[in-house]
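The opening position of the sequence shown corresponds to residue 1 in full-length UniProt numbering, with each subsequent residue numbered one higher.
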Amino acid sequence: ALIQSCMCRRAVLTQADAIYSARFPLLLEGLEIPRFNVMDIFRKLLDAIDTIVFCCTAAEASRMGRFFYEIMHILEKWRLSSSGYQSSNPARAAEMPFESYVAWLR
1 ALIQSCMCRR
11 AVLTQADAIY
21 SARFPLLLEG
31 LEIPRFNVMD
41 IFRKLLDAID
51 TIVFCCTAAE
61 ASRMGRFFYE
71 IMHILEKWRL
81 SSSGYQSSNP
91 ARAAEMPFES
101 YVAWLR
């Protein structure tokens, strides 16, 4: 519901909204929302990328491209630096160690 009702609907409005929507899960993670898992959100989005983009107009697909670029940029930044991954959210790093995160990306 969060992905469909909030993130994807806003991501197609403007490039700035696409960037905000991609970073929104990190904001929620920082607020320590109970049972909220940013990795689950990113996984569901990446699993549905073809369906999401297929349902868009050309202009919306361009903004969704920016949305997914931002998500992949976040994930890649974490992959390149174990210290960056761990410092971005110590609670997440404790739940999913860096080695598990790298395996999760495959």
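Where a beta carbon is used, it is the ideal one built from N, C-alpha and C, also for glycine.
- Counting the other Cβ atoms within 10 Å of the Cβ of residue 45 gives 16 or more, which makes it buried.
- Less than 9 Å separates the beta-carbon of residue 38 from that of residue 25.
- Where residue 51 is concerned, the enclosing alpha helix (DSSP H) starts and stops at 49 to 54.
- When DSSP states are grouped into helix, strand and coil, residue 81 belongs to the coil group.
- At a Cβ-Cβ threshold of 9 Å, residue 4 and residue 63 do not count as neighbours.
- It is roughly 18 Å from the alpha-carbon of residue 50 to the alpha-carbon of residue 105.
- No Cβ-Cβ contact shorter than 9 Å links residue 86 with residue 68.
- Take the alpha-carbon of residue 70 and the one of residue 95: they are about 23 Å apart.
- Annotation: residue 77 to residue 2 spans about 24 Å, alpha carbon to alpha carbon.
- In the three-state DSSP reduction, residue 29 falls in the helix class (H, G or I).
- Judged by DSSP in its simplified three-state form, residue 10 adopts helix.
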